[in-house]
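A.B. asks:
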Amino acid sequence: MSRQPSLSQRANKRLNLPPLHTYVPPLQPFYDSELYPDGIINLSTAENSLLSGRLIEHLSRPITIRPQHLKYRHTLLLTTLPTVEELLPQYINDHFNPLVPVNRKNSVAGPGIGAVLAQLIWALADEGAGVLLTAPFYDDYVRDIVHPTMATVVLARPPADINPLSKDVLSHLETKILESADQGVKITVLLLCNPHNPLAQVVPQDVLEGYALLAEKHNLHLVVDEVFGLSTFDSAYPPAVNAKFKSILSYDLHALGVNPSRVHVLAGPTKDFGASGFKLGLLVSPSNLPLINLLRPLFNATPISAATDLLFARVLADKPFVAQFLVDNSAALGAAYELVAGWMTFHGLPFVRANAGVYVVVDLAPFIARIADASDGDTAKLDRAVVAMLAEKVFLKPTTLMADPIPTRFRFVFTQARPTMELALRRIERAFGAPLAPFSDV
Ligand SMILES: Cc1ncc(COP(=O)(O)O)c(C=O)c1O
Numbered sequence: 002m003s004r005q006p007s008l009s010q011r012a013n014k015r016l017n018l019p020p021l022h023t024y025v026p027p028l029q030p031f032y033d034s035e036l037y038p039d040g041i042i043n044l045s046t047a048e049n050s051l052l053s054g055r056l057i058e059h060l061s062r063p064i065t066i067r068p069q070h071l072k073y074r075h076t077l078l079l080t081t082l083p084t085v086e087e088l089l090p091q092y093i094n095d096h097f098n099p100l101v102p103v104n105r106k107n108s109v110a111g112p113g114i115g116a117v118l119a120q121l122i123w124a125l126a127d128e129g130a131g132v133l134l135t136a137p138f139y140d141d142y143v144r145d146i147v148h149p150t151m152a153t154v155v156l157a158r159p160p161a162d163i164n165p166l167s168k169d170v171l172s173h174l175e176t177k178i179l180e181s182a183d184q185g186v187k188i189t190v191l192l193l194c195n196p197h198n199p200l201a202q203v204v205p206q207d208v209l210e211g212y213a214l215l216a217e218k219h220n221l222h223l224v225v226d227e228v229f230g231l232s233t234f235d236s237a238y239p240p241a242v243n244a245k246f247k248s249i250l251s252y253d254l255h256a257l258g259v260n261p262s263r264v265h266v267l268a269g270p271t272k273d274f275g276a277s278g279f280k281l282g283l284l285v286s287p288s289n290l291p292l293i294n295l296l297r298p299l300f301n302a303t304p305i306s307a308a309t310d311l312l313f314a315r316v317l318a319d320k321p322f323v324a325q326f327l328v329d330n331s332a333a334l335g336a337a338y339e340l341v342a343g344w345m346t347f348h349g350l351p352f353v354r355a356n357a358g359v360y361v362v363v364d365l366a367p368f369i370a371r372i373a374d375a376s377d378g379d380t381a382k383l384d385r386a387v388v389a390m391l392a393e394k395v396f397l398k399p400t401t402l403m404a405d406p407i408p409t410r411f412r413f414v415f416t417q418a419r420p421t422m423e424l425a426l427r428r429i430e431r432a433f434g435a436p437l438a439p440f441s442d443v
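Offset between the sequence shown (1-based) and the numbering used here: plus 1.
#1: Give the list of continuous alpha helix (DSSP H) stretches no shorter than 4 residues that lie fully inside the stretch 23-69.
#2: I'd like the list of long-range same chain contacts for phenylalanine 415, defined as Cβ closer than 8 Å, with 5 residues on each side in sequence excluded.
#3: Who are the Cβ neighbours of isoleucine 122 in its own chain at under 6 Å, not counting the five residues just before and after it?
#4: Our contact map puts valine 170 next to isoleucine 178 with C-beta atoms below 8 Å; I'd like the distance itself, whole angstroms only.
#5: Give, in chain order, every unbroken run of the alpha helix (DSSP H) that is at least 4 residues long and sits entirely within the stretch 291-322.
#6: Enumerate in chain order the residues of its own chain whose CB-to-CB distance from histidine 173 is below 7 Å, with the five nearest sequence positions on each side excluded.
#7: Only counting runs of 4 or more residues, tell me where the alpha helix (DSSP H) segments fall wholly within the stretch 367-421, in order along the chain.
#8: Cβ of glycine 269 versus every heavy atom of ligand 1: is any distance shorter than 7 Å?
#9: Could you tell me whether the Cβ atoms of leucine 231 and histidine 59 are closer together than 8 Å?
#10: Beta carbon of tyrosine 252: closer than 7 Å to some heavy atom of ligand 1?
#11: Enumerate in chain order the residues of its own chain whose CB-to-CB distance from proline 26 is below 6 Å, with the five nearest sequence positions on each side excluded.
#12: Take asparagine 98 and list the residues in its own chain whose beta-carbon comes closer than 7 Å to its own, dropping the five residues that flank it on each side.
#13: Counting only the same chain and skipping the five closest in sequence on each side, list residues whose C-beta sits under 6 Å from that of proline 270.
#14: Valine 228 to asparagine 330, Cα distance in whole Å?
#15: Would alanine 244 pass as a contact of proline 83 if the rule is Cβ separation under 8 Å?
#16: Out of Val224, Asp141, Gln10, which one is the CA nearest neighbour of serine 286?
#17: Can the beta-carbon of proline 199 be found less than 8 Å from the beta-carbon of threonine 400?
#18: Quick one: does the C-beta of serine 306 sit closer than 7 Å to a heavy atom of ligand 1?
#19: Taking just the CA atoms, how far does phenylalanine 413 sit from leucine 334?
#20: Report the residue from Ala392, Ala119, Leu71, Gly275 whose alpha carbon sits nearest the alpha carbon of leucine 299.
#21: When you compare the stretch 278-298 with the stretch 97-117, are there three or more beta-carbon pairs, one atom per stretch, that lie closer than 8 Å?
#22: What's the call for methionine 345, buried or exposed, on a 16-neighbour Cβ count within 10 Å?
#23: Kindly identify the DSSP beta-bridge partner or partners of valine 190.
#24: Would you check whether ligand 1 has a heavy atom nearer than 7 Å to the C-beta of tyrosine 212?
#25: Mind checking whether the beta-carbon of proline 277 lies closer than 7 Å to any heavy atom of ligand 1?
#26: For glycine 282, which beta-bridge partners are listed by DSSP?
#27: Compare the Cα-Cα distances from alanine 268 to each of Ser236, Leu56, Ala110 and report the closest residue.
#28: According to DSSP, is phenylalanine 352 part of a helix, a strand, or is it coil?
#29: Pull up the CB-CB distance for aspartate 364 and isoleucine 407, whole angstroms please, since I reckon it's below 8 Å.
#30: Have a look at aspartate 207 and alanine 136 and give me their C-alpha separation to the nearest angstrom.
#31: I'd like the list of long-range same chain contacts for leucine 193, defined as Cβ closer than 6 Å, with 5 residues on each side in sequence excluded.
#32: Does ligand 1 have a heavy atom nearer than 7 Å to the CB of tyrosine 24?
#33: Note down the Cα distance separating proline 436 from proline 240, rounded to an integer number of angstroms.
#34: In three-state terms, what does DSSP make of threonine 233?
#35: Here's the rule I'm using: 16 or more other beta-carbon atoms within 10 Å means buried, otherwise exposed. How should glutamine 1 be labelled?
#36: Tell me whether aspartate 379 is buried or exposed, calling it buried when 16 or more other Cβ atoms sit within 10 Å of its Cβ.
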């Protein structure tokens with residue numbers, strides 16, 4: 002037999018990377034009250050089931066499939082049928098108050114935020130160039146930054162006593178830009194998630210403006226991921242700085258002294274609708290049409306599926322449904338957060354107060370102390386906690402994977418249906434031998 006053909010040098014570089022210390026649940030179906038009640042409840046993935054029934058009802062209404070839906074995307078787009086290509090920009094115009102109206106020319110739609118970000122990074126950064134974020138950060142960005150570009154993730158790591166969503170972080174970012182250049186990794190892109198993942202808070206406008214001014218000063222691109230922009234909520238446990246979400250698309254960047262061609266926004270409805278599996282995302286860059294025109298044809302190979310388009314275009318076109326859904330989702334998020342926040346308060350578990358997103362960062366140190374050995378180091382403690390929870394069939398992801406400086410914290414997704422959440426909370430209590438919190442009080 003002939004020799005095995007080799008992979009690209011790029012692929013080999015990847016293959017030879019040491020495996021990360023990561024946390025994954027065993028390979029078996031996740032919990033479902035009907036399909037698999039013995040399964041592990043997955044509280045690690047940013048999915049939102051709170052209003053799934055209502056969306057499923059809308060999606061399940063009889064629908065007319067036309068021959069164009071069976072053809073290539075190009076054919077579907079050249080019809081008068083409603084498509085997400087037209088409706089996603091409208092969604093942004095309706096809810097993000099952009100200074101420059103978003104349209105099909107200054108935006109590009111693709112199969113999910115991750116897919117769009119990967120293409121965007123390819124266009125903005127060369128192999129080895131740096132993409133700078135503040136820790137803790139949403140760790141799946143690594144995939145989108147490294148593949149396909151082979152750009153480098155660079156983290157500004159402010160000390161644990163600094164709020165990473167405050168202006169205090171800006172000097173740490175600037176130091177990192179300079180240090181990184183000295184070490185041969187030139188930062189090209191600043192990437193910020195607002196509202197933040199994993200910290201689940203809206204980033205205040207003055208902080209975001211600080212990022213934009215830093216990008217201007219060092220001639221960087223600023224990418225703002227606003228996928229959770231409309232998944233914000235009020236609750237009895239608000240953050241000390243309880244900012245309202247305001248898209249950077251609504252800022253007057255010229256007046257701020259920032260060239261708007263360096264600011265690019267990712268957004269879309271799938272997080273708000275608990276429908277990440279539909280894979281829809283939009284890149285908006287109103288002042289950088291060459292970038293948008295460069296990227297648009299790249300999605301011909303991996304376009305949005307016509308099935309997603311058909312079903313979700315009908316949802317987005319139903320504006321009263323969308324408006325009511327967003328209001329009700331916000332209320333449901335607030336109530337679901339309060340259940341978990343009350344439970345954490347009962348147990349004396351410190352947590353980062355949230356006003357956006359579908360998760361909360363919680364410090365399980367008081368629980369871990371119940372089961373850890375005195376000789377355990379940080380990783381051993383975390384391993385022990387994850388194993389204890391898996392034994393009780395619940396999975397939470399440690400935020401050390403997201404470069405969190407506090408080594409005992411987890412990102413706790415709270416948006417499963419209420420009976421599932423209550424079951425999960427009981428399982429966690431059992432895992433650590435903790436008393437049962439009274440749900441009626443929380
Ligand atoms: C902040 C953030 N950006 C992007 C994504 C990926 O979105 P998509 O599923 O549309 O690729 C996620 C998914 O959890 C996310 O939390």
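Even for Gly, the Cβ is constructed at its ideal location relative to N, Cα and C.
C.D. replies: According to the structure data:
#1: Those alpha helix (DSSP H) runs which fall completely within the stretch 23-69 and span 4+ residues are 53-60.
#2: Beyond the five residues adjoining it in sequence on each side, phenylalanine 415 comes within less than 8 Å, by CB distance, of Leu44, Ala337, Tyr338, Leu340, Val341, Val359, Tyr360, Val361, Met422 in the same chain, given in chain order.
#3: Taken in chain order, the residues that qualify are Ile146, Thr150, Ala152.
#4: Not quite, the Cβ-Cβ distance comes to about 13 Å (not below 8 Å), so this is no contact.
#5: The qualifying runs are 307-318.
#6: Ala157, Pro159, listed in sequence order.
#7: For the stretch 367-421, whole alpha helix (DSSP H) runs of length 4 or above, ordered along the chain, are 379-392.
#8: Result yes, Cβ under 7 Å from ligand 1.
#9: Pairing leucine 231 with histidine 59 gives a Cβ-Cβ distance that is not under 8 Å.
#10: Tyrosine 252 Cβ: outside cutoff for every heavy atom of ligand 1.
#11: The answer, listed in chain order, is Ile41, Phe396.
#12: Excluding positions up to five away in sequence, the list reads Ser248, Ser251.
#13: Closer than 6 Å at Cβ, skipping near neighbours: Tyr92.
#14: Cα-Cα distance, rounded: 15 Å.
#15: Cβ distance not < 8 Å, so alanine 244 and proline 83 don't count as in contact.
#16: Ranking Val224, Asp141, Gln10 by Cα distance to serine 286 puts Val224 first.
#17: In this structure, proline 199 places its C-beta atom within 8 Å of the C-beta atom of threonine 400.
#18: Serine 306: no, Cβ never under 7 Å from ligand 1.
#19: When rounded, the separation of the alpha-carbon atoms in leucine 334 and phenylalanine 413 is 13 Å.
#20: Between leucine 299 and the set Ala392, Ala119, Leu71, Gly275, the nearest pair of CA atoms involves Ala119.
#21: Yes: the two stretches touch, three or more of their Cβ pairs being nearer than 8 Å.
#22: By the 10 Å Cβ count, methionine 345 comes out buried.
#23: Partner(s): Val132, His222.
#24: It does not: the Cβ of tyrosine 212 is nowhere closer than 7 Å to a heavy atom of ligand 1.
#25: Residue identity differs from the one stated: residue 277 is serine in this sequence, not proline. Between ligand 1 and the CB of serine 277, the shortest heavy atom gap is smaller than 7 Å.
#26: Under DSSP, glycine 282 forms a beta bridge with Gly111.
#27: Comparing Cα positions, the closest option is Ala110.
#28: Correct three-state label for phenylalanine 352: strand.
#29: Confirmed, Cβ separation roughly 6 Å.
#30: One C-alpha to the other measures close to 19 Å.
#31: Counting only Cβ-Cβ distances below 6 Å, and skipping sequence neighbours, we find Tyr212, Val225.
#32: Residue side-chain check: tyrosine 24 keeps its Cβ at 7 Å or more from all non-hydrogen atoms of ligand 1.
#33: Computed Cα separation, rounded: 27 Å.
#34: In the three-state scheme derived from DSSP, where H, G and I count as helix and E and B as strand, threonine 233 is classed as strand.
#35: The structure shown does not extend to residue 1, since the chain is modelled only from 2 through 443, so no value can be given for it.
#36: Result: exposed.
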